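Shown next, in structure tokens, is the structure this report addresses.
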Amino acid sequence: MRSLPFIHRFAFLTIFAGAALNARAADFTVAYQTSVSPAVVAQADGAYEKATHSQIDWRRFDDGASVVAALASGSVQFGYLGSSPDAAAASRKLPIETFLIAARLVNSEVLVTRNGAGILRPADLVGKKVATPFVSTSHYSLLAALEHWHIDPKTVQILNLNPPAIGAAWRRGDIDAAYVWDPALGVAKETGSVLVTSGEVGRFGAPTFDVWVVRKDYAEAHPDVVKAFARTTLLAYENYRHDPRAWLANSAHVDAVARITGARQSDIPGLLEGNEFPTLAQQQSALGAPTVNALASTARFLKAQGKIDDVLVDYAPYVNASYLPASLH
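Per the working numbering, residue 125 is the first one in the sequence shown, and the count goes up by one each step.
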């Protein structure tokens, strides 16, 4: 090919260099889900980037199984998981550590039944089509609820659908019930009724929670980044507790959460109130034996249900409280 004149070559190289700079890979990648949390505001306003002095690639995932796959491949370094997929991932000896309890689930995940489907009590679920993302906290809660109600899961048509597919199936009238979270939960609630919440299932003896995990290789190489990530999340929780009125519908905070999660603005205040966002002191108490035991208990249940192959002797290597800050001030 004929060589470019000098001025054209200079312009070409300048444009190429600029494009390469703009396309520079992020310092790390975070797999997030659509869960409603005060920390979503920190995500929206760049607080994580500022605290970690990093360029972050935020990637949205629809369910925990997809996040686990991304963590396993090494394509993401941080991931937002429910306790059920976290236990499943640890049972597979995935090289991750749970370093923060993101939320204790109360009303953000529920079993909704379609109005007119003839489901007025738990026993009416027999023979019905119930959708949930498999190996998610919602799936775990559904199976735990059925066990509590002495209903054989094999007598219920349990369908493995991710949240967007659940929303679409609900609109088409293809399913009778769904155990899921927002925004699909909001779609179901429009023409459905709540049969049980995750908070109630927790009182049955099967509590669920969401966590932040990090790949061990990344955490070992960048412990200060993990600590800054944890601290930023906890500061967001503290800000929410300090001024909950700033989270009423139509506020800037709610706008940010709706934009990132897809949840309806009118639902967000109630969803925030429906979950518990642990304080630093609560994190320090929980990120140890309580979390280790909860993961082990969840894993045993999943194995009994045939959802995982093995249960580890000890889940302690998959929980690490050392990235919690000593204080937030």
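Heads up, the beta-carbon is just placed ideally off N, CA and C, and yes, glycines get one too.
In this text, all values refer to a predicted model and were calculated from it rather than measured experimentally.
For the putative contact between residue i and residue j, defined by C-beta atoms under 8 Å, what is the C-beta separation to the nearest angstrom?
i	j	result
Leu404	Pro449	7 Å
Ser265	Thr332	6 Å
Asp300	Lys253	5 Å
His263	Ser190	The pair is not a contact, with the Cβ atoms about 14 Å apart (cut-off 8 Å).
Phe401	Tyr172	The pair is not a contact, with the Cβ atoms about 16 Å apart (cut-off 8 Å).
Pro277	Asp186	Contact flag wrong, Cβ pair sits at about 23 Å.
Asn417	Ala227	Not a contact, Cβ separation roughly 19 Å.
With distances taken Cα to Cα, identify the nearest neighbour of residue i among the options.
i	options	result
Pro307	Leu319, Ala292 and Arg296	Ala292
Gly316	Thr279, Gly242, Val443 and Ala376	Gly242
Gln408	Ala387, Ala189, Tyr447 and Leu372	Tyr447
Arg245	Ser260, Ala268, Val318 and Thr256	Val318
Val164	Glu271, Thr422 and Gly386	Gly386
Val236	Tyr156, Ile220, Thr256 and Ala226	Thr256
Val335	Thr153, Ala149, Phe152 and Ser159	Ser159
Leu452	Ser322, Val320, Ala175 and Phe258	Ala175
Val234	Gly323, Ala212 and Ala196	Gly323
Arg339	Leu358, Gly394, Gln389 and Phe223	Phe223
Leu426	Ile180, Pro162, Phe258 and Trp182	Phe258
Quick check: the Cα distance between residue i and residue j, rounded to an integer number of angstroms?
i	j	result
Asn146	Val337	For Asn146, the predicted model reports a pLDDT of 42, less than 50, meaning its position is unreliable and no value from the coordinates is stated.
Ala420	Asp438	8 Å
Val350	Val250	45 Å
Asn444	Gly412	7 Å
Ala360	Asp169	11 Å
Val435	Arg424	6 Å
Asn374	Arg365	18 Å
Leu372	Gly430	43 Å
Tyr442	Gly310	33 Å
Gln167	Thr279	42 Å
Gly329	Ala149	44 Å
Arg406	Gly297	At residue 406 the sequence reads Gln, which differs from the Arg that was named. Computed Cα separation, rounded: 42 Å.
Gly198	Ala289	26 Å
Val200	Gly240	43 Å
So the alpha helix (DSSP H) residue i belongs to, where does it begin and stop?
i	result
Asn417	Ala413 to Ala428
Tyr264	Thr261 to His272
Val164	Ala163 to Ala168
Ala445	First-last for Ala445: undefined, no H or E at that position.
Check for me: the beta strand (DSSP E) holding residue i runs from which residue to which?
i	result
Thr237	Val234 to Arg238
Lys253	Lys253 to Thr256
Gln281	Gln281 to Asn284
Ala410	Segment Leu404 to Ala410 is the alpha helix (DSSP H) holding Ala410; no beta strand (DSSP E) there.
Ala293	It is not in any beta strand (DSSP E) - Ala293 instead sits in the alpha helix (DSSP H) that spans Pro287 to Arg296.
Thr158	No beta strand (DSSP E) holds Thr158; DSSP gives it neither H nor E.
Val460	Residue 460 is absent from the structure shown; the chain starts at 125 and stops at 453.
**Asked** Counting only runs that start and end within the segment 314-397, where is the alpha helix (DSSP H) found for 4 or more residues in a row?
**Response** Listed in chain order, the complete alpha helix (DSSP H) runs (minimum 4 residues) inside the segment 314-397 are 322-328, 340-345, 347-366, 376-385 and 392-397.
**Request:** Counting only runs of 4+ residues fully inside the segment 175-241, write out the alpha helix (DSSP H) ranges in chain order.
**Result:** Taken in chain order, the unbroken stretches of alpha helix (DSSP H) that lie wholly in the segment 175-241 and span 4 residues or more are 188-197 and 207-215.
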